[in-house]
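Peer 1: Residue numbers (the numbering used here), protein chains in the order written: chain P, 599 to 712; chain S, 470 to 583. Note that the Cβ used here is the ideal one computed from N, Cα and C, for glycine as well. Computed from a predicted model, the values in this text were never measured in an experiment.
#1: Hey, residue 632 of chain P and residue 644 of chain P are a contact pair by Cβ (cut 8 Å); roughly how many whole angstroms apart?
#2: Taking C-alpha atoms, which residue in P:624, P:642, P:605 lies nearest to residue 560 of chain S?
#3: Alpha carbon to alpha carbon, how far is residue 558 of chain S from residue 475 of chain S?
#4: At a Cβ cut of 7 Å, what residues of the stretch 658-689 of chain P count as close to chain S, listed as they run along the chain?
#5: Thinking residue 519 of chain S and residue 534 of chain S are a contact (beta carbons under 8 Å), I'd like their distance in whole angstroms, please.
#6: Please name the residue, chosen from S:493, S:540, S:556, that lies closest to residue 473 of chain S on a Cα-to-Cα basis.
#7: Whole angstroms is fine: what's the gap from residue 566 of chain S's alpha carbon to residue 689 of chain P's?
#8: Under the three-state reduction of DSSP, which class applies to residue 659 of chain P: helix, strand or coil?
#9: Where are the beta strand (DSSP E) runs, 3 residues long or more, that stay fully inside the stretch 631-658 of chain P, in chain order?
#10: Might you give, ordered along the chain, the residues of its own chain that have their beta carbon closer than 7 Å to the beta carbon of residue 576 of chain S, omitting 5 neighbours on each side?
#11: May I have the straight-line CA-CA distance separating residue 658 of chain P from residue 602 of chain P, to the nearest angstrom?
#12: Between residue 623 of chain P and chain S, is the shortest Cβ-Cβ distance under 8 Å, so that the two count as touching?
#13: Mind pulling the chain S residues with CB within less than 8 Å of residue 700 of chain P?
Pasting the structure below:
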């Protein structure tokens, strides 16, 4: 069994400020972890993923996330927010080792204030 | 290289009618997943299919909903005798394998039941 908790359904940051979107997971097996972004009226687009190896993963559009096993977290960060980053972000977890259903969090809507 | 194609983008049905949602996976992807998205609820897994096989339908409502992925042609999500509560965005995703690859999502079908 696995689950994802995204803290904060809405986050507002000023343009140029740090973006931090929080994600905690639970999984009974070593997890694969993903962040997706969804723009209005579109599908989800993969931002980055952690599978094995380096715990700090870099994705598209300057985003990165760090897998912290001891904290069961996979928070998404970007040093400087841009107006185009305004969207909804979803964290997802999948158990490793054969087929495991991907479970998505409820999403965090990021607002960027000019 | 077309991505995941879903049609129609918008579908309006009267209560009691049937809704058929189509999904053509990305070229080279043999795994198809359907998710339903309701406002403030994130994505809910419905069903996972490979060609001619339903692998996991644990998220499908027991009645009125069915899915298929025939040998030839797109995957179909079928909802019979639609009710207002079926109104949602339905997303299809595909992947080349299970595990660490992440999903490629279509743009979704927005079903409105009137």
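Peer 2: Inspection of the coordinates gives the following:
#1: 6 Å
#2: P:642
#3: 11 Å
#4: 688
#5: Incorrect: roughly 19 Å between the Cβ atoms, too far for contact.
#6: S:493
#7: 20 Å
#8: helix
#9: 642-648, 654-656
#10: 475, 478
#11: 22 Å
#12: no
#13: 502, 514, 572
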